[in-house]
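Below: the structure, in structure tokens.
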Amino acid sequence: MLIIASLIFYAWEQPYLLILLLGSISFNTLTTQGIYLSQTPNQRKLIAVLGVSANLGLLALFKYFKLIFVTVHGGLEDLTPVEAFLYYLPLPVGISFYTFEGISLLLDVFRSPEKPKWIPDKRLHFWYDTTLFVSFFPHLVAGPILKAHEFYPQINNQKKFTSIPWVRIFETLLTGYFLKMVIADNLKDLTYQISYPAFLDLSAADLWLRLLGYSMQIFADFAGYSLIAIGLADLFGYKLPDNFRFPYIAKSFSEFWTRWHISLSSWLKEYLYFSLGGNRKGKVRTYINLMLVMLLGGMWHGGAWSFMVWGGFHGLVLVIERGIQQVVKLPNSIWVTTMERLLVFTGVSFAWLLFVLTDFSQALLYFKATFTHTDIPFVWGPLQVQLVLYSLPVIIYHLLYLLPDSIKQNQLKMAKPIFYGTMLFLLLTNAGVPGSFIYFRF
Amino acid sequence: MIVKSIVVGIFITSLFAFIIYANGNTIPTWGFPHWNHDNVGKTEKVAFHAPSTNIILCGSSISYLMEPYLPREVYSLSITGGSPLTGMQLINQLNLKPKIVGIEINYLERSVEDTYLTHPLYSGFSKEIKDLFPFMRTYYQPINAIGYLISKNNIKVRDAYKITNPGHIGKTIENMLLPGKIKIGKELRDSATVNNTLKPMLELTRKITAQGIKVVFYEIPMNPLLMRTPRYKQLIEAFQDSIKLLEIPVTFIPAPKYSGWKTVDGDHLETASSRVYTEWLMKRIN
Numbered sequence: 004m005l006i007i008a009s010l011i012f013y014a015w016e017q018p019y020l021l022i023l024l025l026g027s028i029s030f031n032t033l034t035t036q037g038i039y040l041s042q043t044p045n046q047r048k049l050i051a052v053l054g055v056s057a058n059l060g061l062l063a064l065f066k067y068f069k070l071i072f073v074t075v076h077g078g079l080e081d082l083t084p085v086e087a088f089l090y091y092l093p094l095p096v097g098i099s100f101y102t103f104e105g106i107s108l109l110l111d112v113f114r115s116p117e118k119p120k121w122i123p124d125k126r127l128h129f130w131y132d133t134t135l136f137v138s139f140f141p142h143l144v145a146g147p148i149l150k151a152h153e154f155y156p157q158i159n160n161q162k163k164f165t166s167i168p169w170v171r172i173f174e175t176l177l178t179g180y181f182l183k184m185v186i187a188d189n190l191k192d193l194t195y196q197i198s199y200p201a202f203l204d205l206s207a208a209d210l211w212l213r214l215l216g217y218s219m220q221i222f223a224d225f226a227g228y229s230l231i232a233i234g235l236a237d238l239f240g241y242k243l244p245d246n247f248r249f250p251y252i253a254k255s256f257s258e259f260w261t262r263w264h265i266s267l268s269s270w271l272k273e274y275l276y277f278s279l280g281g282n283r284k285g286k287v288r289t290y291i292n293l294m295l296v297m298l299l300g301g302m303w304h305g306g307a308w309s310f311m312v313w314g315g316f317h318g319l320v321l322v323i324e325r326g327i328q329q330v331v332k333l334p335n336s337i338w339v340t341t342m343e344r345l346l347v348f349t350g351v352s353f354a355w356l357l358f359v360l361t362d363f364s365q366a367l368l369y370f371k372a373t374f375t376h377t378d379i380p381f382v383w384g385p386l387q388v389q390l391v392l393y394s395l396p397v398i399i400y401h402l403l404y405l406l407p408d409s410i411k412q413n414q415l416k417m418a419k420p421i422f423y424g425t426m427l428f429l430l431l432t433n434a435g436v437p438g439s440f441i442y443f444r445f
Numbered sequence: 009m010i011v012k013s014i015v016v017g018i019f020i021t022s023l024f025a026f027i028i029y030a031n032g033n034t035i036p037t038w039g040f041p042h043w044n045h046d047n048v049g050k051t052e053k054v055a056f057h058a059p060s061t062n063i064i065l066c067g068s069s070i071s072y073l074m075e076p077y078l079p080r081e082v083y084s085l086s087i088t089g090g091s092p093l094t095g096m097q098l099i100n101q102l103n104l105k106p107k108i109v110g111i112e113i114n115y116l117e118r119s120v121e122d123t124y125l126t127h128p129l130y131s132g133f134s135k136e137i138k139d140l141f142p143f144m145r146t147y148y149q150p151i152n153a154i155g156y157l158i159s160k161n162n163i164k165v166r167d168a169y170k171i172t173n174p175g176h177i178g179k180t181i182e183n184m185l186l187p188g189k190i191k192i193g194k195e196l197r198d199s200a201t202v203n204n205t206l207k208p209m210l211e212l213t214r215k216i217t218a219q220g221i222k223v224v225f226y227e228i229p230m231n232p233l234l235m236r237t238p239r240y241k242q243l244i245e246a247f248q249d250s251i252k253l254l255e256i257p258v259t260f261i262p263a264p265k266y267s268g269w270k271t272v273d274g275d276h277l278e279t280a281s282s283r284v285y286t287e288w289l290m291k292r293i294n
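Going line by line, the protein sequences match chains A and B.
Count along the first sequence from 1, then add 3; that gives the number in our numbering.
Count along the second sequence from 1, then add 8; that gives the number in our numbering.
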């Protein structure tokens with residue numbers, strides 16, 4: 004029933020995309036069976052390599068063909084019918100998510116010396132399980148990215164109505180909807196001037212303010228979606244992995260990546276970074292691995308060079324940070340920690356520019372303008388006040404996390420009904436004009 | 009915890025609803041912080057407090073800049089980032105009966121995607137719910153009110169246009185002339201533009217004039233570079249051909265020929281020019 008509902012959900016807007024989704028599911032089911040039924044290690048390896056390559060090839064065809072074609076061909080003149088067909092192929096919703104989940108299934112089984120216990124014996128049963136794993140509607144279009152070994156064991160667990168964790172679901176869903184509908188949907192209309200050439204007319208202070216707003220917006224949008232997905236899955240008895248853990252309190256870029264889009268960063272770590280050797284093969288190799296993983300992580304977001312630059316930036320700062328940490332040990336004072344947090348937050352925020360201004364030169368222009376537009380007067384009008392007001396809940400959300408555990412367990416616990424009651428009130432009276440989720444386009 | 013939170017939520021909401029009710033469900037004085045709220049709020053105002061003005065203007069953001077200089081008997085239904093069709097649809101749906109409806113024609117290539125009034129996706133909740141619970145209307149949003157109280161000087165979206173760096177204007181126009189913005193040289197007559205905007209515009213004009221309302225189309229001056237693009241010229245020709253097909257009397261007021269108009273970005277008039285043009289138009293529209 005859940006499978007049928009999920010497939011209807013996916014097919015609702017573009018039914019033909021279902022063919023691709025079911026094709027990918029069936030291919031990964033058969034390839035996985037091929038891996039664990041293989042007689043020799045070489046055969047096993049060959050099937051796994053073919054399976055992973057096919058998944059990556061599918062992703063590349065839809066996501067990177069345009070970019071590669073324009074770069075190589077130089078323009079869109081004189082397209083052959085085949086080139087035109089491939090160029091104008093639309094990006095299937097959720098393809099980045101479900102191909103990574105397919106790869107997770109293949110690699111989990113490949114790494115296991117024998118057939119994992121969570122794979123059912125009957126082939127059709129396995130196909131059903133894989134279909135649910137990939138198509139389960141809360142995570143299908145924008146994650147969190149699931150790992151096979153975490154999800155499959157949950158499928159055949161008995162699910163009882165009485166064991167539904169209602170309080171946790173209430174808190175998760177309410178926070179998720181609040182972040183999306185009240186914060187992200189309002190902030191999106193306040194940060195729209197981070198577009199070329201609109202930002203050219205803004206003062207330096209205004210540019211900083213909008214950058215802050217966008218950082219809060221992208222967090223509220225994606226963390227909001229993830230919480231809604233986690234809450235909905237919980238209703239059906241499935242536990243999805245956390246995707247965010249207060250990322251803007253990170254004291255280092257490496258810590259940031261343990262708090263932001265956790266399902267992607269842990270996927271990259273588990274299936275790519277470790278496969279490349281991680282940090283076990285010396286300093287230089289570790290740096291190369293970090294750069295490679297972050298570049299690929301950037302590319303995962305889309306077929307534009309700006310995403311690669313974004314990944315490259317994060318890779319570079321991770322390498323520099325690792326190098327510095329090995330030489331310098333900073334004192335553990337509140338001032339140093341605060342400065343570290345501000346530095347990481349500022350770096351991360353500037354990098355978000357590449358998500359909005361996908362033309363690298365425009366992002367650079369914005370960056371320069373934040374320092375040079377001091378001659379344009381700054382007006383403290385309602386728009387600027389609203390930017391701060393709508394950013395505040397996200398800032399408070401992060402700051403509360405930093406409170407001592409004793410306060411969190413006593414005073415904050417008592418104040419919970421006030422927080423959630425206020426969120427409920429604002430959902431009814433202060434929702435923004437709805438916009439699509441930012442991560443839907445990835 | 010769930011029950012306590014719901015009780016707190018209901019309590020705060022009831023208090024808020026009571027304050028709104030005690031003030032007679034009137035339109036608040038606070039402004040809208042951004043264009044999207046302004047659009048929704050503006051359509052809500054029309055829906056729940058139908059204007060009794062003699063003239064209603066339907067336009068896009070370039071008409072929006074005329075609002076501070078409009079006389080009291082004129083109501084503006086200018087949708088920023090949108091199309092005059094939205095305003096026309098509202099007049100038709102709500103059966104409004106002003107004496108004159110003014111329709112801006114500068115951005116004819118923008119089609120109407122949906123109405124702000126009946127589509128719940130645009131405004132959070134549908135008109136029926138907002139009818140039942142007035143406190144859920146966009147123009148009452150509490151954070152807007154707090155923002156207004158904090159900032160005091162109620163600067164609206166249009167004021168963002170005043171603060172501009174003249175050095176960037178040339179660049180902005182250059183950018184607007186790029187393919188994909190104002191599509192230079194692209195054949196217009198058989199394109200989707202005519203089907204998406206001109207046809208529904210003519211149908212709505214027929215319906216509005218059938219109510220005995222006078223329809224006046226007006227063109228706002230823009231930078232000559234933009235007005236001379238083949239695409240724009242074709243658009244105006246297509247529009248003029250279309251109104252001939254109407255076989256009903258409508259008035260068209262083209263932009264006055266004057267080289268002194270100043271825009272901030274090529275198509276939005278600067279404050280002084282906007283005031284002069286608004287006063288000029290008002291004399292002719294009546």
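Note that beta-carbon positions come from the ideal geometry of N, C-alpha and C, so glycine has one too.
Here the structure is a predicted model, which is why all the values come from computation and not from measurement.
**Asked** Helix, strand or coil: how does DSSP classify residue 261 of chain A here?
**Response** coil
**Asked** Counting only beta-carbon atoms, is residue 296 of chain B nearer than 9 Å to chain A?
**Response** Examination of residue 296 of chain B is not possible in this model, given that chain B is present from 9 through 294 alone.
**Prompt:** Would residue 431 of chain A count as contacting chain B if we go by Cβ distances under 9 Å?
**Reply:** yes
**Nonlocal neighbours in the same chain, by C-beta distance under 6 Å from residue 233 of chain A, ignoring five residues either side** = 175 and 243
**Message:** Is the beta carbon of residue 49 of chain B closer than 9 Å to that of residue 392 of chain A?
**Reply:** Going by C-beta atoms, residue 392 of chain A is not nearer than 9 Å to residue 49 of chain B.
**Prompt:** Out of B:218, B:145 and B:276, which has the shortest C-alpha to C-alpha gap to residue 229 of chain B?
**Reply:** B:276
**Request:** For the beta strand (DSSP E) containing residue 110 of chain B, list its first residue and its last residue.
**Result:** 108-112
**Message:** For a contact defined as C-beta to C-beta under 9 Å, what are the partners of residue 419 of chain A on chain B?
**Reply:** Correct list: 9, 12 and 13.
**Request:** Would you identify the three-state DSSP class for residue 64 of chain B, choosing helix, strand or coil?
**Result:** strand
**Prompt:** Does the pairing of the stretch 59-75 of chain B with the stretch 102-111 of chain B give three or more beta-carbon distances under 8 Å?
**Reply:** yes
**Asked** DSSP on residue 130 of chain B, reduced to helix/strand/coil?
**Response** Note that residue 130 of chain B has pLDDT 49, beneath the 50 cutoff, so the model's placement of it is unreliable and the number below is only indicative. If DSSP states are grouped into helix, strand and coil, residue 130 of chain B belongs with the helices.
**Request:** May I have the straight-line CA-CA distance separating residue 84 of chain A from residue 280 of chain A, to the nearest angstrom?
**Result:** 43 Å
**Prompt:** Is the Cβ-Cβ distance between residue 219 of chain A and residue 107 of chain A less than 9 Å?
**Reply:** Not closer than 9 Å, so no.
**Request:** Compile a chain-ordered list of the residues in the stretch 162-183 of chain A whose CB is closer than 9 Å to at least one CB of chain B.
**Result:** 169, 170, 173, 174 and 177
**Request:** Output yes or no for whether 9 Å exceeds the beta carbon distance between residue 30 of chain A and residue 60 of chain A.
**Result:** no
**Request:** Find the residues of chain A that neighbour residue 309 of chain B, judging by a C-beta separation of less than 7 Å, and give them in chain order.
**Result:** Beyond the ends of chain B as shown, which are 9 and 294, falls residue 309 of chain B; an answer cannot be given.
**Request:** Taking residue 159 of chain B as the query, report the chain A residues whose CB atoms sit under 8 Å from its CB, ordered along the chain.
**Result:** 383, 384, 385, 387 and 388
**Item:** Alpha-carbon to alpha-carbon, residue 297 of chain A and residue 318 of chain A
**Value:** Residue 318 of chain A and residue 297 of chain A have their C-alpha atoms spaced approximately 5 Å apart.
**Prompt:** Would a check of beta-carbon distances place residue 150 of chain B closer than 9 Å to chain A?
**Reply:** yes
**Prompt:** Measuring CB to CB, does residue 143 of chain B end up less than 9 Å from residue 28 of chain B?
**Reply:** yes
**Request:** Please classify residue 43 of chain B: is it buried, with 16 or more other beta-carbons within 10 angstroms of its beta-carbon, or exposed?
**Result:** With 16 or more other Cβ atoms from the protein chains shown falling within 10 Å of its own Cβ, residue 43 of chain B counts as buried.
**Message:** Just list the residues that DSSP pairs residue 84 of chain B with in beta bridges.
**Reply:** Bridge partners of residue 84 of chain B: B:65.
**Contact the stretch 159-170 of chain A vs the stretch 207-219 of chain A: 3+ CB pairs below 8 Å** = With the cut-off at 8 Å, the stretch 159-170 of chain A and the stretch 207-219 of chain A do not touch.
**Item:** Cα-Cα separation between residue 34 of chain A and residue 109 of chain A, rounded to whole angstroms
**Value:** 7 Å
**Item:** Contact the stretch 338-358 of chain A vs the stretch 180-188 of chain A: 3+ CB pairs below 8 Å
**Value:** no
**Message:** Let's test the definition: count the other Cβ atoms within 10 Å of the Cβ of residue 316 of chain B and tell me whether it reaches 16, buried, or not, exposed.
**Reply:** Residue 316 of chain B lies beyond the residue range present for chain B, which begins at 9 and ends at 294; the question has no answer from this structure.
**Prompt:** Should residue 279 of chain B be flagged as near chain C, meaning a C-beta pair shorter than 9 Å?
**Reply:** The structure shown contains no chain C; its protein chains are A and B.
**Asked** Looking only at C-alpha atoms, which of A:376, A:324 and A:301 sits nearest to residue 258 of chain A?
**Response** A:324
**Request:** Closer than 7 Å by C-beta to residue 365 of chain A: which residues in its own chain qualify, once you throw out the five before and the five after it? Chain order, please.
**Result:** 199, listed in sequence order.
**Prompt:** Residues of chain B with CB under 9 Å from residue 10 of chain A, in chain order?
**Reply:** Ordered by position in chain B, no residue passes the 9 Å Cβ test against residue 10 of chain A, which lies about 24 Å from the chain.
**Prompt:** Should residue 408 of chain A be labelled buried (16 or more other beta-carbon atoms within 10 Å of its own) or exposed?
**Reply:** exposed
**Prompt:** Can you list the beta strand (DSSP E) stretches of 3 or more residues lying completely in the stretch 376-413 of chain A, in chain order?
**Reply:** none
**Request:** Below 6 Å CB to CB, which residues in the same chain sit around residue 259 of chain B once its five sequence neighbours on both sides are set aside?
**Result:** 224
**Request:** Report the partner residues of residue 191 of chain A according to the DSSP bridge assignment.
**Result:** The secondary-structure analysis by DSSP pairs residue 191 of chain A with nothing; it has no beta-bridge partner.
**Request:** Give the range of the beta strand (DSSP E) segment to which residue 225 of chain B is assigned.
**Result:** Where residue 225 of chain B is concerned, the enclosing beta strand (DSSP E) stretches over 222-226.
**Message:** Cβ closer than 7 Å: which chain A residues qualify as neighbours of residue 20 of chain B?
**Reply:** 424, 425 and 428
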